[in-house]
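I have placed the structure first, in the form of structure tokens, so that the comments after it can refer back to it.
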């Protein structure tokens, strides 16, 4: 089948990521680096105009398409995505929002599903930090911060994903983050106000996520201070910080821009649903 002709191993796919994508595109699609660092993944590439990766049968697909992708490549990419949808119609897909419409419509036609947009994300990188005025300080979480982290991750999931995280899962997250240097808490007078973590640090680019401030403490700039503190440390180590922000959340986008984050691209998240019989 057409899609099998473009199946590639991790090393080849990663080489294509580095040779075909610009630096800003590599930041926007930083999840390629994480996915392809695993031993067994699904990856397809025509070595010219598309790269499609999926960690396993149920995790989201990430797909990059070149601006000048031709009709043959469009057909091949649509075949690949359609096959993954047929494997599991509940999968989600992350693509560059400006290059993908024709491919996705064709994939949906081939697989008999409808497509629904989940959200638009802006990808940002901070190459030159604009330091804010700091009130408080960042620190690594201790056992005493367990309850605060449980509450913060609960609020984050509710706000960012519009879901309710089970208490046991939230507590498990908090327990696993004790003494974890990848997670930082912002404290003012010893009281936890905000949380953020480095979810990925590979090839001199670090992805920051789970940025959240206690609801009752929002509007005071604590998340901005914390993210800026993380960025300063990363930049001092020669690492470029990046993050994704909900394109509809003007407040968070403004916060990141105000401390030096510059937009590198856009990603749209989609999900699929079977057409009614």
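Residue numbers (our numbering): 27 to 303. We treat Cβ as the ideally placed atom computed from N, Cα and C, and that holds for glycine. What you are looking at is a predicted structure, and each value in this text was computed from that prediction instead of being measured.
The residues 251, in chain order, have a CB closer than 7 Å to that of residue 160 in the same chain once the five nearest residues on each side in sequence are set aside. Inter-residue distance for residue 275 and residue 217 is about 27 Å (C-alpha atoms, whole angstroms).
Of 137, 39, 188, the smallest CA-CA separation from residue 79 is found for 39.
DSSP places residue 85 in the coil class of the three-state scheme, outside both helix and strand. Using a Cβ-Cβ distance cut-off of 8 Å, the stretch 196-211 and the stretch 240-250 are not in contact, since fewer than three pairs of beta carbons, one from each stretch, lie closer than that value. Ranked by Cα distance from residue 287, the options 130, 152, 110 are led by 152. Annotation: residue 165 is outside any alpha helix (DSSP H); the continuous beta strand (DSSP E) that includes it extends over 163-165. Measuring C-alpha to C-alpha distances from residue 96 to each of 129, 70, 222, 167 identifies 129 as the nearest. Among the bridge pairs identified by DSSP, residue 203 is matched with none. DSSP, reduced to helix, strand and coil, places residue 235 within a strand of the structure shown.
In summary, residue 116 is exposed, with fewer than 16 beta-carbon neighbours lying within 10 Å of its beta-carbon over all protein chains present.
At the C-beta level, residue 162 and residue 214 come within 9 Å of one another. The Cβ atoms of residue 234 and residue 257 sit closer than 9 Å to each other. At the C-beta level, residue 296 and residue 149 stay beyond 9 Å of one another.
At a Cβ-Cβ threshold of 9 Å, residue 253 and residue 285 count as neighbours. Distances from the alpha-carbon of residue 73 to those of 37, 273, 119 put 37 closest. The shortest CA-to-CA distance from residue 300 to any of 31, 134, 51 is the one to 134. If only complete runs of 3 or more residues are kept, the stretch 132-163 shows the beta strand (DSSP E) at 139-152, in order along the chain.
Beta bridge pairing from DSSP links residue 175 with no other residue. DSSP places residue 47 in the coil class of the three-state scheme, outside both helix and strand.
Cβ-Cβ distances below 6 Å link residue 199 to 179 in the same chain, with the five nearest sequence neighbours on each side left out; the list follows chain order. With distances taken between CA atoms, residue 172 lies nearest to 203 out of 155, 142, 203.
Taking residue 221 as the centre and dropping the five residues before and after it, the same chain places the C-beta of 178, 211, 238 closer than 6 Å to its C-beta, in chain order. Counting along the chain, the unbroken beta strand (DSSP E) around residue 300 starts and ends at 287-300. Taking 8 Å as the upper bound for CB-CB distance, residue 89 and residue 121 are in contact here, some 5 Å apart.
Between residue 86 and residue 119, the gap from beta carbon to beta carbon is short of 9 Å. Scanning 249, 280, 291, 227 for the CA closest to the CA of residue 260 turns up 227. Burial is judged here by how many other beta carbons sit within 10 angstroms of a residue's own beta carbon; residue 277 has fewer than 16 and is exposed.
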